[in-house]
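Engineer: Using the UniProt record's numbering, the final residue of the sequence shown is 177, and nothing's skipped along the way.
Below is one structure. I have some questions about it.
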Amino acid sequence: MKLNQSVRTYVENRPRYAGYSFEKLFPDVLFPADSENNKLKASQARDLLCKMLVIDASKRISVDEALKHPYINVWYDPTEVEAPPPAITDKQLDEREHTVDEWKELIYKEVFDCEERTKNGVVRAPPASIGEWSSSRHRCSSEQQHTSSSTSTDPAPLTAAWVTSISTSSWSHPDLI
Numbered sequence: 001m002k003l004n005q006s007v008r009t010y011v012e013n014r015p016r017y018a019g020y021s022f023e024k025l026f027p028d029v030l031f032p033a034d035s036e037n038n039k040l041k042a043s044q045a046r047d048l049l050c051k052m053l054v055i056d057a058s059k060r061i062s063v064d065e066a067l068k069h070p071y072i073n074v075w076y077d078p079t080e081v082e083a084p085p086p087a088i089t090d091k092q093l094d095e096r097e098h099t100v101d102e103w104k105e106l107i108y109k110e111v112f113d114c115e116e117r118t119k120n121g122v123v124r125a126p127p128a129s130i131g132e133w134s135s136s137r138h139r140c141s142s143e144q145q146h147t148s149s150s151t152s153t154d155p156a157p158l159t160a161a162w163v164t165s166i167s168t169s170s171w172s173h174p175d176l177i
């Protein structure tokens, strides 16, 4: 898709200034020096940013290309990327009036359901309510404490599949924005 003609005209008529290098805009200190066996490098991050921050969408890096970029590829999981979109069970959800607590409950259930769908086919029943979940989430068995890679008592980290599904859904309640 080309730039809108009025946008193109505006940009072309602006004064031209010498640009800054990406090394100056995004210095090495902004990126982890060594992580993931030295696969993540500031130069790779700057390269990806350079390819993403292109005004003309036809010249910008595609999502598929970005997923294969060396800076992102270390986190790439084909099962998340190629997962089917979540089923929308209630298309009128946004049209209903809900209290803040009802919205929290609905969002909690959606997150839980989506997380369960992305786990190697293992599905367990969600707690009955947020109250039950929040009171039980701090009680970790010793086995869970030893097998967990995180020492946090927060729920499991969000997966890319969930982030993709939630960002492409139609959640637009004013109390949640």
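Note that the Cβ used here is the ideal one computed from N, Cα and C, for glycine as well.
Should Arg60 be labelled buried (16 or more other beta-carbon atoms within 10 Å of its own) or exposed?
Structural biologist: When all chains shown are included, Arg60 counts as exposed.
Engineer: Starting from the Cα of Ala42, find the closest Cα among Lys119, Asp28, Val54, Leu48 and give me that residue.
Structural biologist: When only C-alpha atoms are compared, the closest one is Asp28.
Engineer: According to DSSP, is Ala45 helix, strand or coil?
Structural biologist: Note: Ala45 maps to helix in three-state DSSP.
Engineer: Check for me: the alpha helix (DSSP H) holding Phe112 runs from which residue to which?
Structural biologist: Phe112 -> alpha helix (DSSP H) spans 100-117.
Engineer: Do Cys50 and Phe31 have their C-beta atoms within less than 7 Å of each other?
Structural biologist: Cβ atoms of Cys50 and Phe31: not closer than 7 Å.
Engineer: Buried or exposed: which applies to Arg14, given that a residue is buried once 16 or more other Cβ atoms fall within 10 Å of its Cβ?
Structural biologist: By the neighbour-count rule (16 or more Cβ atoms within 10 Å), Arg14 is not buried but exposed.
Engineer: Alpha carbon to alpha carbon, what distance is there between Ile72 and Arg16?
Structural biologist: Roughly 33 Å between the two C-alpha positions.
Engineer: Just to confirm my understanding: we take Asp56, look at its own chain, exclude 5 residues before and 5 after, and list those with CB closer than 8 Å. What are they?
Structural biologist: If we look at Asp56 and ignore the five residues flanking it on each side, its Cβ neighbours are Lys2, Leu3.
Engineer: Quick check on Phe22: does DSSP put it in helix, strand or coil?
Structural biologist: Three-state result, Phe22: helix.
Engineer: Which of the three DSSP states is assigned to Tyr76 in this structure?
Structural biologist: The answer is coil: DSSP assigns Tyr76 none of H, G, I, E or B.
Engineer: With burial defined as no fewer than 16 other Cβ atoms inside 10 Å of the residue's Cβ, what is the status of Arg8: buried or exposed?
Structural biologist: Counting Cβ neighbours within 10 Å, Arg8 comes out exposed, since fewer than 16 surround it.
Engineer: Do Cys114 and Pro86 have their C-beta atoms within less than 7 Å of each other?
Structural biologist: Yes; because the gap between Cβ atoms is below 7 Å, this pair is in contact.
Engineer: Between the alpha carbons of Leu53 and Trp75, how many angstroms are there, rounded?
Structural biologist: Roughly 21 Å separates the two Cα atoms.
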